[in-house]
Amino acid sequence: MAWSSLTLPAVFAIIGDNLPETQRAIGFGVQSILKRVPIMLAPPLGGALIAAAGFVGGMQIGLAITIVLALVAMGIVLRYYIEKAPAGLDGMDFREIWRRLDPSLKRLLVADCLARWAEGIPKVFIVLYVMNVLQLGAFDFGWLTSAQMLTAMLIYIPIAKLADRLNRKPFVLLTFVFFALFPLVLATATSLAWVTAAFVIAGLREVGEPARKALIVDLAHATARGRAVGMYYLVRGLVVFPASLVGGWLWTINAQLPFYVAFGVGVIAALTYAAWSAREEIQCTTKDVLPGGDEQ
45 MAWSSLTLPA VFAIIGDNLP ETQRAIGFGV QSILKRVPIM LAPPLGGALI AAAGFVGGMQ
105 IGLAITIVLA LVAMGIVLRY YIEKAPAGLD GMDFREIWRR LDPSLKRLLV ADCLARWAEG
165 IPKVFIVLYV MNVLQLGAFD FGWLTSAQML TAMLIYIPIA KLADRLNRKP FVLLTFVFFA
225 LFPLVLATAT SLAWVTAAFV IAGLREVGEP ARKALIVDLA HATARGRAVG MYYLVRGLVV
285 FPASLVGGWL WTINAQLPFY VAFGVGVIAA LTYAAWSARE EIQCTTKDVL PGGDEQ
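The sequence shown begins at 45 in our numbering and counts up one residue at a time.
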């Protein structure tokens, strides 16, 4: 479980170091798709191994295959990856890294934390709500989850291309909007069609993820990208982890309450980021105009 957290700063830094600013969103889009392909293929293959060789035998074979694939991946990295990053800034402690973060990156972090609270409050209760409250079966929940993942995979590349050509911020804002809409639509769903729409919206939450990740890399200092990304996700993780506890408390009061509260937090996230983005655009426009009104 720790592997993703350990490699995340390095992955961001590698994409930032090896791709120009106009190709980073598409780079993150491709990386996200490649990461999800094994997630879709591995469970049925693992199930087939267990069915063929028994639980213990299937687990042993699966573990052996995992070790071999990990060694192959390490060999590919050692053989083909060439470090291109400039020399880093050594000796920076936690406070110094935070001080050097771009103000726009800090504002993005605040809005992102709010959006992840909107995601985290109802997250662990989605399956319970769908199966126990809405009375849908395990098979229904399975294909709804597949619809969510398929939606995300279909939009990654087209939207990432647009994010590289246009301003990234509107796509990030759209992601925060979908973070707010998903719990509201699910909580008010009265039919399978509306539940399906909710899970499609859940997939659309990924619409701005390549743009958001590319924006983080754009705003991070070139000599300390890995540390800036690590700082970003450390702060986000520490801020967001209590969300599930709050969700559990709300669930004990009413099954729909976590979803309505999540909607409210998501709206705050979207409005906060929209306001900050608009102010930054105004400031950039002002800087491009001389005091006399003539453009530079």
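Glycine residues also receive a C-beta, built at the ideal position from the N, C-alpha and C atoms.
From P53, L158 and A255, residue whose alpha carbon lies closest to that of L206
A255
Cα separation between D338 and S148?
With a pLDDT of 46 at D338, under the threshold of 50, the modelled position of this residue cannot be trusted, and the question is left open.
Hey, would you say the C-beta of R269 is under 7 angstroms away from at least one heavy atom of the ligand PLP?
Here there are no bound small molecules, and the ligand PLP is not part of this structure.
Closest Cα partner of T232 within the set K213, R209, G102 and A299
A299
Are the beta-carbon atoms belonging to L89 and G102 less than 8 angstroms from one another?
no
So, T195 versus V239, is the Cβ gap smaller than 8 angstroms?
no
Is the Cβ-Cβ distance between G320 and R144 less than 8 angstroms?
Here the sequence assigns Trp to residue 320, which means Gly is not the residue at that position. No, Cβ-Cβ distance for W320 and R144 is not below 8 angstroms.
I believe A155 touches F220 by the beta-carbon criterion, under 8 angstroms. Please report the beta-carbon distance rounded to the nearest angstrom.
6 angstroms
Beta-carbon spacing of L248, F215 below 8 angstroms:
no
Of all the options W142, A95 and G119, which has the alpha carbon lying nearest to the alpha carbon of V279?
W142
For the 8 angstroms Cβ check, are there 3 or more pairs between the segment 174-188 and the segment 286-297?
no
Under three-state DSSP, which class holds N211?
coil
CB of V261 within 8 angstroms of CB of R271, strictly
no
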